[in-house]
Amino acid sequence: EPEVTQTPSHQVTQMGQEVILRCVPISNHLYFYWYRQILGQKVEFLVSFYNNEISEKSEIFDDQFSVERPDGSNFTLKIRSTKLEDSAMYFCASRDLNTGELFFGEGSRLTVL
Amino acid sequence: QKEVEQDPGPLSVPEGAIVSLNCTYSNSAFQYFMWYRQYSRKGPELLMYTYSSGNKEDGRFTAQVDKSSKYISLFIRDSQPSDSATYLCAAAGGTSYGKLTFGQGTILTVHP
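Put into structure tokens, the structure is as follows:
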């Protein structure tokens, strides 16, 4: 069964460092998303991406964040200068255009020290 | 104002019980409603997806949406220990089909 894959599964970084989280969405999906979940809190929408541009973003997604689809398969989330409060699980998702269903990856756990 | 509210539980039931999980929402624009299951430190797994009001059944799972009262439910029949997880309700609407608003999640434990 097709799935969304994410790397790394866990990354530890120092405050102020840049981090890139990678995702390979399901191959025939065209809409891609990043969500995050701070420990013990709700899953929150960050950004949606379609046709090589951001279609919507939340207020969390400030100038420190960027997304990119560098090739035909990868979708990345970059955090330019990490803060302690960026520590969270980051989930990539892609959407089936026919059914509208959103499928999530296993997540990348980011720990900022 | 919280857009999707869900009792976090925890909820503990014996194996074989019928489980009822519920959410309320406030945004009238929501048209798409989902239930996800999440195991500890894993990604949300889609269980049920419904559009507008009505019921949808899939095996032991039944999802109900009542738009008039802004109420979303998930019923699990003949619950199994493997159903132990956190259950997340989510909603989306308008043109933002993929911008989901999640509830807090309900922690469910089914004990043998």
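In order, the protein sequences belong to chains A and B.
Note that my numbering has the first sequence beginning at -15, numbered continuously upward.
Note that my numbering has the second sequence beginning at 111, numbered continuously upward.
Beta carbons are placed, not taken as given, at the ideal position from N, Cα and C, and that holds for glycine.
List the DSSP bridge partners of residue i.
i	result
Glu155 (chain B)	B:Arg147
Ala173 (chain B)	B:Lys166, B:Leu184
Arg93 (chain A)	A:His(-6), A:Met73
Pro124 (chain B)	B:His221
Asn132 (chain B)	B:Ser183
Leu198 (chain B)	B:Tyr146
Val114 (chain B)	B:Tyr135
Leaving out five residues before and five after residue i in sequence, what residues of the same chain have Cβ atoms less than 6 Å from its Cβ?
i	result
Leu61 (chain A)	Leu5, Trp18, Val51
Thr211 (chain B)	Glu113, Val114, Ala201
Phe143 (chain B)	Thr160, Val175, Ile182, Ala201
Phe185 (chain B)	Ser130, Thr172
Phe59 (chain A)	Cys7, Pro9, Phe16, Arg53
Is residue i buried or exposed, if buried means 16 or more other CB atoms sit within 10 Å of its CB?
i	result
Ala139 (chain B)	exposed
Gln(-2) (chain A)	exposed
Val(-4) (chain A)	exposed
Leu23 (chain A)	exposed
Tyr223 (chain B)	Since the first residue of chain B shown is 111 and the last is 222, residue 223 (chain B) is not available in this structure.
Tyr135 (chain B)	buried
Ser32 (chain A)	buried
Ile128 (chain B)	exposed
Gln214 (chain B)	buried
Tyr74 (chain A)	buried
Gln21 (chain A)	buried
Glu37 (chain A)	exposed
Arg147 (chain B)	buried
Gly126 (chain B)	exposed
Leu97 (chain A)	exposed
Kindly list the residues whose CB is nearer than 7 Å to the CB of residue i, restricted to its own chain and excluding five residues on each side of it in sequence; keep chain order.
i	result
Pro(-14) (chain A)	Ile10, Ser11
Gln1 (chain A)	Thr66
Ser57 (chain A)	Val8
Glu69 (chain A)	none
Ile44 (chain A)	Glu28, Leu30
Met158 (chain B)	Met144, Trp145, Lys166, Asp168, Phe171, Ala173, Leu184
Leu14 (chain A)	Tyr34, Leu81
Asp195 (chain B)	Here the sequence assigns Ala to residue 195 (chain B), which means Asp is not the residue at that position. Excluding sequence neighbours, Ala195 (chain B) sits near Arg147, Gln148, Tyr149, Leu218.
Val220 (chain B)	Val123, Glu125, Ser189, Gln190, Pro191, Asp193, Ser194
Just curious, the beta strand (DSSP E) that residue i is in, first and last residue?
i	result
Thr205 (chain B)	Thr205 (chain B) -> no beta strand (DSSP E), and no H or E assigned at all.
Phe75 (chain A)	72 to 79
Lys41 (chain A)	37 to 41
Glu28 (chain A)	27 to 34
His69 (chain B)	Outside the shown range of chain B, which is 111 to 222, sits residue 69 (chain B), and nothing can be said about it.
Leu68 (chain A)	Note, Leu68 (chain A): premise wrong, no beta strand (DSSP E); not H, not E.
Thr83 (chain A)	No beta strand (DSSP E) contains Thr83 (chain A), which DSSP labels as neither H nor E.
Return no unless some Cβ of chain D is closer than 7 Å to the Cβ of residue i.
i	result
Arg170 (chain B)	Considering every chain present, this structure includes no chain D. Its protein chains are A and B.
Excluding sequence positions up to five away, which residues of its chain have a Cβ less than 8 Å from the Cβ of residue i?
i	result
Ser163 (chain B)	Val175, Asp176, Lys177, Ser178
Thr(-11) (chain A)	Cys7, Val8, Gly89, Glu90
Using a Cβ-Cβ cut-off of less than 7 Å, list which residues of the stretch 185 to 208 of chain B approach chain A; keep chain order. Leu198, Ser206, Tyr207, Gly208
In chain order, what residues of the stretch 75 to 91 of chain A put their CB closer than 8 Å to some CB of chain B? Phe75, Ala77, Arg79, Thr83, Gly84, Glu85, Leu86, Phe87, Phe88, Gly89, Glu90, Gly91
Looking at chain B, which residues of the stretch 30 to 44 of chain A have a Cβ within less than 7 Å of any of its Cβ atoms? Ser32, Glu40
Near-chain A residues of the stretch 123 to 147 of chain B - C-beta to any C-beta below 7 Å: Tyr142
Using a Cβ cut-off of 7 Å, which residues of the stretch 16 to 30 of chain A contact any Cβ in chain B, in chain order? Tyr17, Lys26, Val27, Phe29
Which residues of the stretch 150 to 162 of chain B have a Cβ closer than 9 Å to any Cβ of chain A? Give them in chain order. Arg151, Lys152, Gly153, Pro154, Glu155, Leu156, Tyr159, Tyr161
For the stretch 164 to 179 of chain B, which residues have a CB atom closer than 7 Å to at least one CB atom of chain A, in sequence order? none
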